[in-house]
Structures are given as structure tokens and as C-alpha cells.
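Residues in the sequence shown are numbered consecutively from 5, following my numbering. These notes are about the structure you will find just below.
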Amino acid sequence: MRAVRRIVVVVLPAALACNSIVGFDDFQKVSDVRSEPADATEDESDAGRTKGRDAAAPSPDGAAPPSRCDPTKPFGQPVALAGPVNSSAFELAPSLMNDELTMVFQRTVGVEGGSVLVATRSSIDQPFGDPTELTVLSQGLDGVQQPTMTGDGLLVFFAGILGPNSGIYTASRASPKAAFGNRRAFVEVNSSASESFPGLTGDGVELWLSIQNNVDRPRHLFRSVRDNLGQYGAAVLVNELASASSEAGVAFSADGLTIYFGSERAGGKGDSDIWTARRATMTAAFGPATPVAELNTSGAEYPGWLSPDDCRLYFGSDRQGGGDILVATRKP
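The structure is reproduced here in C-alpha cells:
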């Protein structure tokens, strides 16, 4: 597990020795990636999707909640979240409970480290209140970043920094009102490479993350699938979404068939843009990726969470000069 620095990217030991600071615009763009068979992600069993499904999650392969918008229409103009969630620091990686009333996210003050905060609100048309730092997640670590939470709020994954190392960590709680505990390094997916940007499908069966093998190589999306005993397998490269550039940050539709992800590939507006792709079933490969033009700028955008009705996409962007959390809403 190699180190994470600044607010969004992982810096490997060689870069740290040079006091390199990596920000929104510093992803490497080299084509070498960890090699996996092209069809390695297509033959997973669906067994774990019934026995091990998260209680609050929508059913996979359909059964999304009724939509309050037309999911075929483009998103409207993104707006920064009102209230104290955004600040003069850098905010990134929003992840919400299914009711959209509780959100965890990353805040980084300065140029290194980071913390995970939680904020709540009384309804989705109201601003979030003052956020509170989840200090239990960062104890003994130099920083924590990029949280993702199950829809019931009982399980959180995040990137943790310890010295020159970074990797995925997890913590759990018994109820949404309880404190998180049982924090541990998620050795199921960690390696000698750099792991960051964890993300979950709505049923919690798939854990996605970005892995960077070396500082001079791009990061790519990998996937770990939970079996019917509740155990996550080794992370496998998602070949069909890999490009010659970096990919980081994911958000899924409730049925898990549509992905939004950040990528620096050609065809966007510059830096990391939000792209989308779709698959026919949970075990099928994703089809061609296309940019979500209405969400992208010449700055950097990283998707974080899509509402279960497909109407609102929450994401991080530096378009306003710093890192802020924005939301884009589809019209009815």
C-alpha cells in the first residue's frame, strides 16, 4: 500500500522523497497497467447478491425505486452544496445514505492528509448542517480520504494514509445513530500498489477501487465481488473501462447496471471528467464509455454518489478554484 497525499491522488514513495505534492491536475498518463484476463470480471456468480445483500439496498438487475425525474434526460447545471459542507478547505468524495439525509465526505486542510466528516439534514431540499469529523476512522493514521458508505449507513470504506503507505480501510456500526468502530485495513484488496477511491454498488456486493502500480503509471478501476459467505475476493482489473489515462471515483445506479466514473482519457474537456457506461447484467462487461458533457469542465470532476432514483449525482470538482462538493439534478 503506497501513500496518498493532497486531496485526491496517491503519491508513491519515490515521489514523496522528492516532496512531490499531487493535486487534482496531476494524474499520470502512462498506459502500463496490472495485467488481468480480458474476461476476468465477467464470470462472477450472482449467489452473493441474494444471500449477502445489504438490507437497505435496492434489488440488483432492476427494481430501482420510482423516479422523480426522467432518467433519460441530461443533468441540469451542477451547483455547489449550500451550507457549511463546503469551506475554504478541499472537499471531495461525497457518499450518502439512501434517504439522502446523511452524507460522509473528505475534507483536506492544507496540502496533505485529510479527514472524513459526516453531515445530516432534515430533508433533501435543505442544506446539510455543520459537519462532524469521524475521528475514530483516522486514529493512528496520517490521514483518511475518499469515503464510501452503504445505503443503510452501517458500513464505510475509505482510503487511509500511514507514512509512505496507503490502502483501503473499513469500519462498521450497528445502527445509523451509532458510532463507527471495528476499523481495520481491508487486506482483501490491499497490495504493494496504491489503493484509493473505494466505491460500492447499491447492494454492497461489488467494491470498486482505483489502483496505481507505480508513480509513473495511471490508476485504473478494479472490482472486488462479495460471495455468498460475505467475503470479498481479490480485486480484478475492469478491462473494458481502462484507458491509457487514469480512472478514479465511481457512482452507480440503484440496479448497478450504470456506472459513472472519473477519467482523464481523450474525448473529455480536460483533466478528470465524468464518464458513464452501462452493462446488461451485473455479471456482463460494460459497454463503451461516453462523457457526461453537461457535468464536465476544464477542471477536475470525480463522481461520488447517485441517488437511488437516478435523479441527483453528487460529485467533487475543483472548477471553482478549490475542491467543492456539487450536485446535478435531472429535470422531471
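For glycine and all other residues, C-beta sits at the position ideal for the given N, C-alpha and C. Predicted model, so just to flag it, every value in this text is computed and none were measured.
Cβ distance (whole Å) where residue i is taken to contact residue j below 8 Å
i: residue 110; j: residue 96; result: 5 Å
i: residue 214; j: residue 252; result: 4 Å
i: residue 308; j: residue 98; result: 4 Å
i: residue 134; j: residue 165; result: No, residue 134 and residue 165 are not in contact; Cβ-Cβ is about 25 Å, not under 8 Å.
i: residue 72; j: residue 313; result: 6 Å
i: residue 79; j: residue 332; result: 4 Å
i: residue 306; j: residue 257; result: Rounded, the Cβ-Cβ distance is 17 Å, inconsistent with contact.
Straight-line Cα distance separating residue j from residue i
i: residue 150; j: residue 336; result: 31 Å
i: residue 102; j: residue 311; result: 7 Å
i: residue 220; j: residue 85; result: 35 Å
i: residue 267; j: residue 176; result: 30 Å
i: residue 329; j: residue 319; result: 6 Å
i: residue 201; j: residue 212; result: 8 Å
i: residue 137; j: residue 118; result: 11 Å
i: residue 7; j: residue 192; result: Summary for residue 7: the model assigns pLDDT 42, below 50, so the residue's position carries little reliability; its value from the coordinates is reported in the next sentence. For residue 7 and residue 192, the distance between alpha carbons rounds to 18 Å.
i: residue 60; j: residue 218; result: With a pLDDT of 45 at residue 60, under the threshold of 50, the modelled position of that residue is not reliable, and no figure is offered here.
i: residue 35; j: residue 222; result: Unreliable placement is indicated for residue 35, whose pLDDT of 33 sits below 50; no coordinate value is reported for it.
i: residue 292; j: residue 90; result: 34 Å
i: residue 122; j: residue 274; result: 31 Å
i: residue 194; j: residue 287; result: 23 Å
i: residue 208; j: residue 154; result: 6 Å
i: residue 298; j: residue 182; result: 38 Å
i: residue 115; j: residue 289; result: 38 Å
i: residue 148; j: residue 161; result: 10 Å
i: residue 285; j: residue 163; result: 29 Å
i: residue 241; j: residue 152; result: 20 Å
i: residue 325; j: residue 83; result: 14 Å
i: residue 243; j: residue 81; result: 32 Å
i: residue 64; j: residue 185; result: Note that residue 64 scores a pLDDT of 42, beneath 50, so its modelled location is shaky; the value from the coordinates is reported in the next line. Looking at the two C-alpha atoms, the distance is approximately 28 Å.
i: residue 317; j: residue 178; result: 27 Å
i: residue 227; j: residue 303; result: 27 Å
i: residue 2; j: residue 321; result: Since the first residue shown for the chain is 5 and the last is 336, residue 2 is missing from the structure and cannot be characterised.
i: residue 129; j: residue 120; result: 23 Å
Proximal residues to residue i (C-beta, below 7 Å), its chain only, five neighbours per side dropped
i: residue 77; result: 334 and 335
i: residue 294; result: 279 and 280
i: residue 93; result: 111, 112 and 113
i: residue 245; result: 225, 251, 265, 281, 290 and 293
i: residue 263; result: 254, 256, 280, 281 and 290
i: residue 271; result: 295
Residue i (DSSP reduced to helix, strand or coil)
i: residue 297; result: helix
i: residue 192; result: coil
i: residue 99; result: strand
i: residue 154; result: coil
i: residue 141; result: helix
i: residue 225; result: strand
i: residue 243; result: helix
i: residue 269; result: coil
i: residue 178; result: coil
i: residue 76; result: coil
i: residue 165; result: strand
i: residue 307; result: strand
i: residue 112; result: strand
i: residue 219; result: coil
i: residue 105; result: coil
Top-ranked residue by Cα proximity to residue i, from the options
i: residue 159; options: 261, 205, 277 and 250; result: 205
i: residue 105; options: 196, 156, 244 and 242; result: 156
i: residue 197; options: 171, 161, 129 and 185; result: 171
i: residue 231; options: 225, 239 and 153; result: 239
i: residue 180; options: 107, 82, 262 and 234; result: 107
i: residue 261; options: 282, 241, 277 and 276; result: 282
i: residue 199; options: 303, 216 and 115; result: 216
i: residue 301; options: 285, 323, 284 and 317; result: 323
Cutoff 6 Å; reference residue i; Cβ partners in own chain excluding five residues on either side
i: residue 269; result: 247 and 249
i: residue 87; result: 131 and 132
i: residue 203; result: 152, 212 and 254
i: residue 296; result: 278 and 280
Residues of its chain near residue i, where Cβ-Cβ distance is below 8 Å and the 5 sequence neighbours each way are ignored
i: residue 127; result: 105
i: residue 187; result: 140, 141, 143, 173, 174 and 175
i: residue 315; result: 71, 72, 73, 75, 333 and 334
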